[in-house]
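**Student:** Plus 24 on top of the position in the sequence shown (first one is 1) and you've got this note's numbering.
Got a structure for you, written out below as structure tokens; questions coming shortly.
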Amino acid sequence: MSFEPICFVTMVRGDHAMLEKWIAHHSKLVANRSALHVFLHGHDPALQKIAEGCSLVTLPFDPSGSSFEESRRQLFFGLAGALRGYYGHVITLDCDEFMTMDPGVGQTLAEYLSTHPFEGAALSPVGFDVVQRSSAEQDPVDFARPILGQRCFGFLDGTYSKPCIFRRQPRGGSQHSLAREKWEIDPKIFLFHFRFFDVEYSRQVNAARMALVADFDKQGSDHAIGTWGDREERFARALQSADVADCPDLSPELIEAFRASQLENYQNRGGRFMWRDCRRGPYRLPAQFEGVL
Numbered sequence: 025m026s027f028e029p030i031c032f033v034t035m036v037r038g039d040h041a042m043l044e045k046w047i048a049h050h051s052k053l054v055a056n057r058s059a060l061h062v063f064l065h066g067h068d069p070a071l072q073k074i075a076e077g078c079s080l081v082t083l084p085f086d087p088s089g090s091s092f093e094e095s096r097r098q099l100f101f102g103l104a105g106a107l108r109g110y111y112g113h114v115i116t117l118d119c120d121e122f123m124t125m126d127p128g129v130g131q132t133l134a135e136y137l138s139t140h141p142f143e144g145a146a147l148s149p150v151g152f153d154v155v156q157r158s159s160a161e162q163d164p165v166d167f168a169r170p171i172l173g174q175r176c177f178g179f180l181d182g183t184y185s186k187p188c189i190f191r192r193q194p195r196g197g198s199q200h201s202l203a204r205e206k207w208e209i210d211p212k213i214f215l216f217h218f219r220f221f222d223v224e225y226s227r228q229v230n231a232a233r234m235a236l237v238a239d240f241d242k243q244g245s246d247h248a249i250g251t252w253g254d255r256e257e258r259f260a261r262a263l264q265s266a267d268v269a270d271c272p273d274l275s276p277e278l279i280e281a282f283r284a285s286q287l288e289n290y291q292n293r294g295g296r297f298m299w300r301d302c303r304r305g306p307y308r309l310p311a312q313f314e315g316v317l
């Protein structure tokens, strides 16, 4: 059977500007826009228009939030197995996560994956959490222009160095780890996360999501969303750290040291993710990434 090299999968609710950016970037990495599989969490005509030409599915939105995270995990892991029958690699991302190759490699993501096989069910990229360094980047992000260049600072973060490039369905695990699987982080593939990249935009998105979680909590939901409640605190810490730190240039040596530390922690903890020792930086991105996305 002939496979398309790669496809991307994401799920979105309400984040119109980010989905438009996500589709514009990742459509350049696939043979056809239909290789972008977009799941809308609830009916949204504006999102449907943005995602025209993509493989689009609208999922019912449960206002109680029942089993939110578990349903999402099962969907993504199941799709990794199902879509693998048609694509060489299946890449699952949130709509504020953007994947790209190190520009110095000289290969597309599809070309690189076809020539660099890996063990285990899934491969991880180098996760870089982009932040706004207000002392150097006062202007709000212009979504009509590439974000990298407007924003040049951030943290290496194990949370986003997650197994998301699948070559088969995993046996188990979570969004950020695999159960009983070999785990690798490829230093030439990057995942850029845009949560704290713009002060005002991030506050608006965070407020909307926290209101949603508060509604779930009022109903006694078992949503299991464990990373949104501390966003304001994490936001403030990230911005303050980026403003006062030296922010050395991100180098291959720093990436390799981060990669080695994450793999060592993972192995020492029996394949469990270490949330409290997964962040390094802040760093400044090399100029070669400017304009990439």
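A virtual CB, placed ideally from N, CA and C, is assigned to each residue, including glycine.
#1: From L53, K73, C31, pick the residue whose C-alpha is nearest to that of L43; which is it?
#2: Hey, T124 and L317 are a contact pair by Cβ (cut 8 Å); roughly how many whole angstroms apart?
#3: Which residue from V36, P29, A48, G38 puts its Cα closest to that of P170?
#4: To test your reading of the DSSP string, which unbroken alpha helix (DSSP H) runs of 4 or more residues are found completely within the segment 125 to 155?
#5: Does the separation of the CB atoms of F32 and H61 fall below 8 Å?
#6: Measuring alpha carbon to alpha carbon, tell me which of E161, P149, A160 ends up nearest K212.
#7: Taking the beta strand (DSSP E) that P211 belongs to, which residues open and close that run?
#8: Starting from the C-beta of C271, find all residues in its chain whose C-beta is less than 8 Å away, skip the five residues before and the five after it, and write them out in chain order.
#9: What residue does the alpha helix (DSSP H) around H50 start on, and which one ends it?
#10: By the 10 Å Cβ neighbour count, where 16 or more other Cβ atoms means buried, how is R241 classified, buried or exposed?
#11: For D270, which of helix, strand or coil comes out of DSSP?
#12: If you run the structure through DSSP and keep just helix, strand and coil, what is P84?
#13: In terms of residues, what are the limits of the alpha helix (DSSP H) holding Y290?
**Tutor:** On the basis of the supplied data:
#1: Counting from 1 along the sequence shown, the entry for residue 43 is found at position 19. Checking every option, the nearest Cα to that of L43 belongs to K73.
#2: Translated into the one-based positions of the sequence shown, residue 124 becomes position 100. Translated into the one-based positions of the sequence shown, residue 317 becomes position 293. Between T124 and L317, the beta carbon gap of about 6 Å places them in contact (Cβ cut-off 8 Å).
#3: On the sequence shown, residue 170 is found 146 positions in, with the first residue counted as 1. Of V36, P29, A48, G38, the smallest CA-CA separation from P170 is found for A48.
#4: As far as the segment 125 to 155 is concerned, its whole alpha helix (DSSP H) runs of at least 4 residues are 133 to 139.
#5: Stepping through the sequence shown from its first residue, residue 32 is reached at position 8. Stepping through the sequence shown from its first residue, residue 61 is reached at position 37. Going by C-beta atoms, F32 is nearer than 8 Å to H61.
#6: Along the sequence shown, read from residue 1 onward, the residue named residue 212 stands at position 188. A check of alpha carbon separations from K212 across E161, P149, A160 identifies P149 as the nearest.
#7: For the purposes of this step, residue 211 is taken as the residue at position 187 of the sequence shown. It spans 209 to 220 - the beta strand (DSSP E) in which P211 sits, taken as one unbroken run.
#8: Within the sequence shown, residue 271 is the residue found at index 247, counting from 1. So the qualifying residues of the chain are R157, F177, G305, P306, Y307, R308.
#9: Reading the sequence shown from its first residue, position 26 is the one you call residue 50. H50 -> alpha helix (DSSP H) spans 40 to 50.
#10: Here residue 241 refers to the residue found at position 217 of the sequence shown. Correcting the residue type first, residue 241 is Asp in the shown sequence and not Arg. Label assigned to D241: exposed.
#11: Your numbering for residue 270 matches position 246 in the sequence shown. Coil.
#12: Residue numbering aside, residue 84 sits at position 60 when the sequence shown is read from its first letter. In the structure shown, P84 sits in coil (DSSP, three-state: anything other than H, G, I, E or B).
#13: As a first step, residue 290 is located in the sequence shown; it is residue number 266 there, counting from the start. Where Y290 is concerned, the enclosing alpha helix (DSSP H) stretches over 276 to 292.
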